Every structure is written in structure tokens, then in C-alpha cells.
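>
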Amino acid sequence: MARHLITSALPYINGIKHLGNMVGSMLPADVYSRYLRQRGHDVLYICATDEHGTPAELAAKEAGLSVAEFCAQAHDAQKAVYDGFELSFDYFGRSSSQQNAEITQHFARQLQLNGFIEERAIRQVYSPVDGRFLPDRYVEGTCPHCGYDKARGDQCENCTRVLDPTDLIEPRSAISGSTELEVRETKHLFLLQSKLQVEVEAWVAEHEEEWPQLASSIARKWLTEGLHDRAITRDLDWGVPVPADTWPELAAEGKVFYVWFDAPIEYIAATKEWADADPANRDYKAWWYEAEDVRYTQFMAKDNVPFHTVMFPATEIGTREPWKKVDYVKAFNWLTYYGGKFSTSQKRGVFTDQALETLPADFWRYFLIANAPESDDSSFTWEHFTTTVNKDLGGTLGNFVNRVLTFSRKKFGDEVPAGSPAGEAEARLGEQIAELLAEYEGHMDSLQYRKAAAALRALWSAGNAYLDEKAPWLEVKTDLDGAALTLRTAMNLIHLYSVVSEPFIPASARTMRSSFELAGDTATWISPEQAKSLDAVPAGTPFTVPPVLFARIAEEDLQSYRERFGGTEAG
């Protein structure tokens, strides 16, 4: 089986993330990782908190903590939420780790050695009121491209254009709000991306036809506009220090590397953190260095695409070392909240900790993946969420499980009944299930989440249609063995659903599987050919009836959620 390296964009440390962050990177990466593991592949799913840069310093200042203390607490808080969503990271690291500092400095030295880093004097925003230079998000103002008045000095949240603080119109300090800003000269390191353009273009050309259009079009747009040399150091107190053995003057001034230089390197560093925990059995370079047998898939929202498809590959290429570069970029559009943007910085929309406090994780996992913003933006509304959960999870899957197990226990006791041999209806059902399962596998293999969710729903619906066709509540009056066959077949469908639904709704899938007393790894994937026979749960297998899998969201609940989180006015 293939080895699959999977990473999701690093969540910023500056607060609990919203549902848009979840569906744009971590959740789809988890769904894919779970699916591949079930299929028998060797999977390494890596993520980490992104702890450097101005967001960390600003958030720590607001919290009244040192940056190190804030990051440690925030990392643990985020990790607890991701555990609540059952994200199956093999390792969830921290970009402030020693491993990241060492590998980032190594990359910088290699780039310097190969002539791709240059020291330049630049003019940068300085605040006399704050007594410091103001890099990146320490400056806010109006975007010169789209007119958004809350643009930050590194990127406009509205149009996603990458900015420098000096680009902003009517700039102000994010620390004090002062508009009395100056521009002073300071020295920084620049990555000479212009010298790497031809090589990056050639690399993108090799991969872009396989990538989804969203990722390839963004990468191509950046390359068409031309790669510009970019400052990769900042005047900050918190970050990976510039190494004194290579740049003593800048190190003495306390320069650190730009967060977007070290953050992608953290994918490698987090893998080393994972390997360092068990060095006898793990080797991070087996996944990252001369790792031709590894298939590397990245997950991210569209605003992260340029950094992952152009800037980081340029960095890797410039080292002249055989570091693993991404094979497939799964990029997502925005999930909006009633048509307006979710925003961590502006605290608008449902945040992941609030989501878990409100309803079970599987409700959120299913809805978000079934409505993933793949080809276009998609909108979260409480009305749509409630309808989807009640209809698909409660009405289609949950109702099937409950009525099959409850009715069978009532009529045949707490063991799977034997009944007649499978007949024509069961043969037709087996063929239908095999066809739908093959379709589901195809969509999962190609990372088409909405289509995969539709195929999964169709599998669930096939069970309900079979049950309605056979009507065991009528069969039991005239053909007891026929009714037993119907229920035995339906119970095998429940087991099948528990396996194939695992990537989407792992907690509910476990509950379904645990209803049957089966030996061995009952979560192992079932192929379409194997699924035809519907005999994984033999007659005589003891079973229990689980609690209601998906409690219905009532109208009064819906109203309370709208009042708490905002409805149409939130846009």
C-alpha cells in the first residue's frame, strides 16, 4: 500500500477557530486520513499551531500574558477542541518548537549558500508612540486594491492580496491606534524568489493539471504576475531567531524569520517532533527527504494557496536538497455565515468550541463535509444545518438503525435472527450497494467531498427503500422466516454503514458497530464486492439497541441558536 503524508494548514494560535477554518483544512484532511487508514494505507497526518508572527504577540498582549505563556495555553485549548471533533492527527505540534527553529535556520543557511538570500536595507513603518517598528499585522488600514478598511499589513482578509504595511492607505498602529507613523530604514533578509521563478513554474506545470482548478488557477495567477523577492525577516520579539553564525549583525538586532517563512517548514518540523518521541521506530526524513514513494496531500483554504503552491516550493527548491514537495493541493473556498464572512479576529459566526458545547461533533462533521465549499463559497445557516441534520442523520440513518434493531429485538430477541436464505430482493440490494459503494470510493479517492456525501446518503437511503419494500412488520404476520431474513439483512446494512460512515461520523459509527458483539477489527473497510453478500454479521450474533443516535433539533432549539449566534442579520 502507498504511504500518504497529509497536512492541513496550520491554525493560528490567536484564538479558537471558527467553522470556516475547520471545513477549510483540518476536517477534510481528517476525513481523508481516516478513509485511507481504513483502506489499509500507511498514513501520517500532521498539523500544528502556527505560533509566530504578530497575531501571537497581539493576542498575548490582549490576554496580559507573555507570548510563550499565551501560546502554551492557546495550543492546549485548540488541541482540546480538535480532540472533541475527533480529528485523528498522528501528531499535532507547535511551530515554536526547537525542531522548527533548527530546520528553519538550516533552510535559511542553505538558501544563503546557494545565492537565494540577500540582505537589503528597506524603509519600514515605525511608531514613535509605541517605540518600535510595526511589521505585518501591527499595522492596519485600508486595502489599496479593494478598499477594505480593516486590512492588515501582511494580507487583506477581504480580497486575499498579499500586502506590505507601507501599502496600506491611512495606516494605524494595531497596538496603540496611533496614526502618527513614520517610515525608517532597517535591514532585512530577502528570499530571491525572482531567481527561482523558472524552476517553480516548471514544477507547477508538472502538477497543476491534477490539482483542482481553484488551486491551479491561484498558483498560475501568482506566477503570471511574477515572483517578487520577499523579505523573510521581521522586527519582532517572538519567532525563529536569525542565526548568528550566518548573519551576526541581524542576529544582534534581534531579527526573527517571517512567520510565512517558518510556518510551512513546521510541517517537516512537526514530523520530526513526532519522530523524536520514538526515535527507534520513527524517522522524519523517511517522509520528507528523498521520499519518492510518499504521496503528499495538503488541505487549505484558498487564501493559503499562494504560500503552499509557490512560496514554500520556491523555498524547498532553493535549498538544492531533495525535500518532499506537495503532490496534491486540496483547496477550499469560503464557508460564509448567512452570506457574511466568519472571522476569528472579529468573532463573527459559530466557533468550534461553541459548536461542541451546542451539539455533538458528528452533527457538525457531517454537515460541514456534506456542504464543503469546493467549487464555490457555501453558506452556513441554522435553517440549512437543522434540515440537513434532521433529514440525513436523524431521518435517514438514525431512524433506520433504531427501527431495525428495536423491531428485531421485539420479535426475535437480542440475537441476529436466521430466517430464510437470501432471495432475489437481497441479490438486487447487494448489487445496488456494491454500485453505490464503488461510487462512494471513487469520490473519496478523488477528494470530492460533496459527491462522496451524496453517495453515502444514497447508501443509507437504499436500506430504507429495502425495508419499505420488504415491510417486515407485515412479513412477520405471514412469513416469520422471511421477516427474519429482512431484519438480518438490514442489520448487516447497519454494520456496513458503520464502516463506510466512519470517516464522516466516527463516534456514531463506533456506536453502530458496538451494537454487535463481533470479534476482530470490525472497522476494516469492506470492498464493493465483499459488500454484495451482506453477511458480515452472522445469525446468532448478540446485539443491543443503542440510544437514539441523532436527537432531533426542534424548532425551539433552532430559534434559540439563531438568537444566540445571530441569524440573517449576522451577514
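All residue numbers for the sequence shown refer to full-length UniProt numbering, where the first residue is 1 and numbers rise by one.
Idealized CB from N, CA, C, for every residue including glycine.
None of these values were measured; they are calculated from a predicted model.
#1: If you draw a straight line from the C-alpha of C143 to the C-alpha of L359, how long is it?
#2: For H145, which three-state DSSP category applies?
#3: Could you work out which residue in E431, P472, S379 is closest to S420 when comparing CA atoms only?
#4: For A74, I'd like the list of residues in its chain whose CB is within less than 6 Å of its CB, leaving aside the five on either flank, ordered along the chain.
#5: Can you give the Cα-Cα distance for R348 and H18, rounded to whole angstroms?
#6: So, with DSSP's three-state summary, where would you put T406?
#7: Thinking C-beta only, is T309 closer than 8 Å to I433?
#8: Specify the secondary structure class of W473 as computed by DSSP and reduced to three states.
#9: Does DSSP put L496 in a helix, in a strand, or in coil?
#10: Using the C-alpha atoms, what's the distance from L437 back to residue 642?
#11: Can you give me the C-alpha to C-alpha distance between K391 and L397, rounded to a whole angstrom?
#12: What residues in its chain sit with their C-beta under 7 Å from that of D90, if we drop five residues either side in the sequence?
#13: Is L549 near the ligand NAP, with its Cβ less than 7 Å from a heavy atom?
#14: Taking W222 as the reference, which of Q197, P241, T233, T246 has the closest Cα?
#15: Would you decide whether H52 is buried or exposed? Buried here means 16 or more other CB atoms lie within 10 Å of its CB.
#16: What is the rounded straight-line gap between the Cα of Y82 and the Cα of S560?
#17: Considering only their Cβ atoms, is the gap separating M22 from F85 smaller than 8 Å?
#18: Can you tell me where the beta strand (DSSP E) with T49 in it begins and where it stops?
#19: Please state if the CB of R488 and the CB of A427 are separated by a distance shorter than 8 Å.
#20: How big is the Cα-Cα spacing for Q98 and A263?
#21: Would you grab the beta carbon distance between Y440 and L456 for me? Rounded to a whole angstrom, and I think it's under 8 Å.
#22: For A205, does the count of other Cβ atoms within 10 angstroms reach 16, so buried, or fall short, so exposed?
#23: When you compare the CB positions of V183 and Q124, do they come within less than 8 Å of one another, or not?
#24: Going by DSSP, what residue range makes up the alpha helix (DSSP H) through L437?
#25: The alpha helix (DSSP H) with H228 in it runs from where to where?
#26: Using DSSP bridges, identify the partner residues of F543.
#27: What runs of the alpha helix (DSSP H), each 4 residues or longer, lie entirely inside the segment 28 to 89?
#28: Taking K150 as part of the beta strand (DSSP E), name the residues at either end of that continuous run.
#29: Check whether the Cβ atoms of T271 and F107 lie closer than 8 Å to each other.
#30: Can you check which of these residues, E469, P538, S95, E563, is closest to I265 by C-alpha distance?
Checking against the coordinates, here is how it stands:
#1: Those two C-alpha atoms are separated by around 38 Å.
#2: In this structure, H145 counts as coil in the three-state DSSP scheme.
#3: In terms of CA proximity to S420, P472 leads the group E431, P472, S379.
#4: Answer for A74: I13, listed in chain order.
#5: Taking the Cα positions, R348 is about 8 Å away from H18.
#6: In this structure, T406 counts as helix in the three-state DSSP scheme.
#7: Taking 8 Å as the Cβ cut-off, I433 and T309 do not qualify as a contacting pair.
#8: It is helical.
#9: In the three-state reduction of the DSSP assignment, L496 falls in the helix class.
#10: Missing from the structure shown is residue 642; the chain here goes from 1 to 571 and no further.
#11: Roughly 9 Å between the two C-alpha positions.
#12: Around D90: L44, Y45, I46, W274.
#13: Among the ligands in the structure shown, none appear at all, so the ligand NAP cannot be discussed.
#14: That would be Q197, whose Cα lies nearest to the Cα of W222.
#15: With 16 or more Cβ atoms within 10 Å of its Cβ, H52 is classed as buried.
#16: Between the alpha carbons of Y82 and S560 lies a gap of roughly 25 Å.
#17: Against a cut-off of 8 Å, the Cβ pair of M22 and F85 comes out as a contact.
#18: Going by DSSP, T49 is part of the beta strand (DSSP E) stretching over 42 to 49.
#19: Not a contact, by the Cβ cut-off of 8 Å.
#20: The alpha-carbon separation between Q98 and A263 amounts to approximately 13 Å.
#21: That belief holds up - the Cβ atoms of Y440 and L456 are roughly 6 Å apart, short of 8 Å.
#22: Burial call: exposed.
#23: V183 places its beta carbon less than 8 Å from that of Q124.
#24: Taken as a continuous stretch (DSSP letters only), the alpha helix (DSSP H) holding L437 covers 424 to 445.
#25: Unbroken run through H228: none, as it is neither H nor E.
#26: According to DSSP, which records beta bridges pairwise, F543 is partnered with F516.
#27: Counting only runs of 4 or more, we get 54 to 63, 67 to 84.
#28: Note, K150: premise wrong, no beta strand (DSSP E); not H, not E.
#29: Not in contact: T271 and F107 (Cβ atoms no closer than 8 Å).
#30: Nearest option by C-alpha distance: S95.
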